[in-house]
Each structure stands twice: as C-alpha cells, then as structure tokens.
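Just so you know, the sequence shown maps onto residues 1 to 88 in the UniProt record's numbering. Beta carbons: idealized from backbone N, C-alpha and C, even for Gly. Encoded as structure tokens, the structure appears first; notes follow it.
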Amino acid sequence: MSSADDDLHDRIPPGRLYRAEIATVDTATNTCTVLLAQIDGGDDRNPAPYTPHPGGGGSLAHPGRGDPCLAIEDDRGGLWVVAWTTTT
C-alpha cells in the first residue's frame with residue numbers, strides 16, 4: 001500500500017456501510033458519485049473519494065459507471081467508497 005493509500009485510509013472514519021452503485025467518476029480527483037440503494041429508494045447521490053486499484057502494466061484501475069460498490073457514511077454524512085467490482 002502506498003503512502004497515499006495510507007493517508008486515505010487514515011482519514012476514513014468508522015460508520016454505516018451501504019451497498020451502492022457508481023454513478024459518475026472523476027479520475028482526476030479520485031472521486032465519484034454513488035447511487036445508494038438502501039436510502040430513499042435509491043435516489044441519493046453523494047460525492048465520495050476512492051482509492052484506485054493497481055492495474056495491469058503499472059496503470060491504475062478506476063471504478064466505472066454501474067459498478068457495484070460499498071460506501072461508508074461517516075458521522076458527518078460524508079461518503080467514502082471502500083470497495084468496488086468492475087463490471088465492464
């Protein structure tokens with residue numbers, strides 16, 4: 001794990017875990033919006049940081065639209081994407 005990963009994981013507070021789906025991705029800032037299936041009938045979208053996965057050839061893999069994910073909501077209502085599965 002890189003120091004950037006360590007920094008991100010140090011900032012992630014404990015909180016409520018949600019099943020979600022990636023709605024949009026900003027690879028420049030490593031943030032995304034997610035559709036939370038368990039809140040308001042799936043209508044709630046929030047910005048959430050994520051950590052790219054190591055990809056082939058030294059590249060980084062980012063989540064994509066429609067990928068299922070897990071998001072943690074902290075005590076201030078902030079979301080953090082902690083895992084996703086690429087569907088493409």
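In this chain, the beta strand (DSSP E) harbouring Arg19 covers 16-26.
Taking a contact as a CB-CB distance under 8 Å, the pair Leu79 and Ala28 does not count as one, their CB atoms being some 19 Å apart. At the C-beta level, His62 and Pro54 stay beyond 7 Å of one another.
Straight across, the Cα-Cα distance linking Gly77 with Ile22 is about 18 Å. For the 7 Å CB-CB criterion, Arg19 and Glu73 do not form a contact. In the DSSP assignment, no residue is bridged to His62.
Among the bridge pairs identified by DSSP, Pro68 is matched with Glu21.
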